[in-house]
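A.B. asks: Just so you know, the sequence shown maps onto residues 24 to 174 in the numbering used here.
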Amino acid sequence: MDQLKPAAVISALVVVLITATGCTAESGVGPSPIPSSGSASTETTPTELLASYPDQEALIEKIDSGRGTAEVGPFDRANDRVGVYVRCFGEGSVHVEVVGAAEFDQDCLTDPDDPGTRNLIDVRYVEQVTVKASSDSTNMWSLAVTAITDG
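This is the structure in structure tokens:
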């Protein structure tokens with residue numbers, strides 16, 4: 024019976040050492056370290072960013088949760104004006120071009136609840152409308168193009 028005690032003590036010490044130092048398997052299975060956030064910011068990057076526009080305006084085309092460069096169109100214009108609704112999350116800006124009609128920059132914000140801006144664009148001098156947007160790939164942006172009825 025005296026011989027079991029040293030074995031029990033050794034087993035207990037091994038369990039204590041494994042628990043205290045953490046054991047990781049050679050295969051990489053084991054506890055994962057908690058990633059560092061890098062900053063004390065309370066801002067949350069959205070996983071989706073949708074363009075906001077009024078229900079009474081007919082949607083022509085939209086891009087939700089865009090990154091980098093993208094475009095919508097070309098499409099035939101139904102009226103003399105279109106609405107271009109733009110939101111951008113991040114830093115810097117998104118450059119928007121309504122080909123042959125207008126260009127502007129929309130500042131990116133770090134408020135995921137910001138509704139963005141409405142831009143009325145005169146497109147009566149172009150046959151077809153194409154809208155291009157471009158921003159740094161770290162920014163997330165969205166845009167919607169709507170038909171503006173004259174009246």
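Virtual Cβ for every residue (Gly too), placed ideally from N, Cα, C.
1) Report the option in 156, 77, 68, 80 whose CA atom is closest to the CA atom of residue 128.
2) Taking three-plus beta-carbon pairs below 8 Å as touching, is the stretch 149 to 166 in contact with the stretch 85 to 97?
3) According to DSSP, simplified to helix, strand and coil, what is residue 133?
4) If distances are taken between C-alpha atoms only, which option among 108, 69, 103, 104 comes closest to residue 85?
5) Which two residues bound the contiguous beta strand (DSSP E) that contains residue 140?
6) Between the Cα of residue 151 and the Cα atoms of 101, 74, 111, which residue gives the shortest distance?
7) Does the Cβ-Cβ distance between residue 147 and residue 103 come in under 8 Å?
8) So residue 88 is in the beta strand (DSSP E); what residue range does that whole segment cover?
9) According to DSSP, is residue 166 part of a helix, a strand, or is it coil?
10) Tell me which residue opens and which closes the beta strand (DSSP E) that residue 158 is part of.
11) How many angstroms separate the CA atom of residue 75 from the CA atom of residue 134?
12) For residue 153 versus residue 83, is the C-beta distance shorter than 8 Å?
13) How many Å lie between residue 70 and residue 124 at the Cα?
C.D. replies: Quick look at the numbers:
1) Distances from the CA of residue 128 to each of 156, 77, 68, 80 were compared; the closest alpha carbon is that of 156.
2) Touching, per the Cβ criterion.
3) In the three-state scheme derived from DSSP, where H, G and I count as helix and E and B as strand, residue 133 is classed as coil.
4) Measuring from the Cα of residue 85, the nearest candidate turns out to be 108.
5) Unbroken beta strand (DSSP E) run through residue 140: 140 to 145.
6) Residue 151 has its Cα closest to that of 101, out of 101, 74, 111.
7) The answer is yes: Cβ separation under 8 Å.
8) Taken as a continuous stretch (DSSP letters only), the beta strand (DSSP E) holding residue 88 covers 81 to 89.
9) Correct three-state label for residue 166: strand.
10) Here the beta strand (DSSP E) through residue 158 covers 151 to 158.
11) Residue 75 and residue 134: Cα-Cα distance of roughly 15 Å.
12) Result no, Cβ atoms of residue 153 and residue 83 do not sit closer than 8 Å.
13) Distance from the CA of residue 70 to the CA of residue 124, rounded to the nearest whole angstrom, comes to 32 Å.
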